[in-house]
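Let me begin by presenting the structure, written as structure tokens, before commenting on it.
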Amino acid sequence: MMPQDFFARDVVTVARDLIGATLLIDGVGGIIVETEAYHHQDPASHSFNGPTRRNAAMFGPPGRAYVYRSYGIHWCLNLVCEAEGSGSAVLLRAIEPTEGVAAMRVRRGMEEARLLCAGPGRLCQALAVTREMDGSPVDRPPFALAPATSPPAIVAGPRIGISRAVDLPWRFGLAGSRFLSRPLPARKTLD
DNA sequence: GGTATGATTGACT
DNA sequence: GTCAATCATACCA
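For what it's worth, our numbering labels the leading residue of the first sequence as 13, then goes sequentially.
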């Protein structure tokens with residue numbers, strides 16, 4: 013399980029460090045291969061204009077889930093970072109399925125492993141994430157989160173699907189993974 | 001009260 | 001490549 017203070021750090025750092033970590037919800041999940049960072053002072057972030065009913069969890073304690081409805085259709089799962097009131101969170105965009113793959117196939121209504129969790133909406137459908145988990149601590153069941161066992165090769169690029177702050181390279185992915193929602197540049201981040 | 005918009009996806013030309 | 005689905009939120013009156 014993640015150290016308790018893992019999320020109490022800069023949101024961009026946490027987004028990068030989550031690559032290679034393992035996330036399970038009720039035993040279903042896999043290796044996080046794609047994330048994005050969002051911050052209170054970031055015009056693309058839901059928290060940019062301050063707390064609202066929807067983004068309340070973003071302004072709560074770190075280490076909790078922020079779940080929101082996207083386009084009225086999909087759910088998206090974030091992990092709150094930094095400190096209470098900071099309004100920062102990491103969007104989980106893709107997972108390499110390793111556990112409970114049969115359950116994911118039923119929930120997603122498809123066979124192909126590459127598309128089970130390749131995107132924030134698909135990921136939530138495969139892991140059965142809904143509004144009920146908004147604000148839930150992720151350091152206890154049904155969540156199980158374990159850090160990467162070895163330092164993964166990470167690539168960075170601009171975030172997907174936003175219209176503001178489009179140039180910030182706050183999207184991170186596992187280099188060479190075939191489970192990404194979309195390709196990332198082959199350029200590695202500097203450590 | 002009305003209405004435009006979106007951290008997406010899947011179907012279709 | 002284009003486009004509709006579908007609804008909570010944000011903004012305006």
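For every residue, glycine included, the Cβ atom is placed at its ideal position computed from N, Cα and C.
Item: Residue environment, residue 158, which counts as buried when at least 16 other CB atoms sit within 10 Å; Value: exposed
Item: For residue 40, three-class secondary structure by DSSP; Value: strand
Item: Assigned secondary structure, residue 81 (DSSP; H/G/I helix, E/B strand, else coil); Value: strand
Item: Beta-bridge partners of residue 76, as assigned by DSSP; Value: 149
Item: Length of the line joining the Cα atoms of residue 144 and residue 126; Value: 27 Å
Item: Start-to-end residues for the beta strand (DSSP E) that takes in residue 106; Value: 101-111
Item: Same chain, Cβ closer than 6 Å to residue 34, neighbours up to 5 away in sequence not counted; Value: 43 and 158
Item: CA-to-CA distance, residue 51 to residue 64, given in whole angstroms; Value: 15 Å
Item: Residue 179, buried or exposed, once every other Cβ within 10 Å from all chains shown has been counted against 16; Value: exposed
Item: Limits of the unbroken beta strand (DSSP E) element including residue 88; Value: 86-92
Item: Which residues DSSP lists as bridging residue 158, in chain order; Value: 34
Item: Sub-8 Å separation of residue 123 and residue 117 beta-carbons; Value: yes
Item: Rounded separation between residue 48 and residue 111 - CA only; Value: 23 Å
Item: Distance CB(residue 191)-CB(residue 114) smaller than 8 Å; Value: no
Item: With 16 other Cβ atoms within 10 Å as the buried cut-off, status of residue 57; Value: buried
Item: Coarse secondary structure for residue 133, derived from DSSP in three states; Value: helix
Item: Where the beta strand (DSSP E) containing residue 1 begins and where it ends; Value: Residue 1 lies beyond the stretch modelled for the chain, which goes from 13 to 203, so this question has no answer here.
Item: C-beta atoms of residue 139 and residue 32 nearer than 8 Å; Value: no
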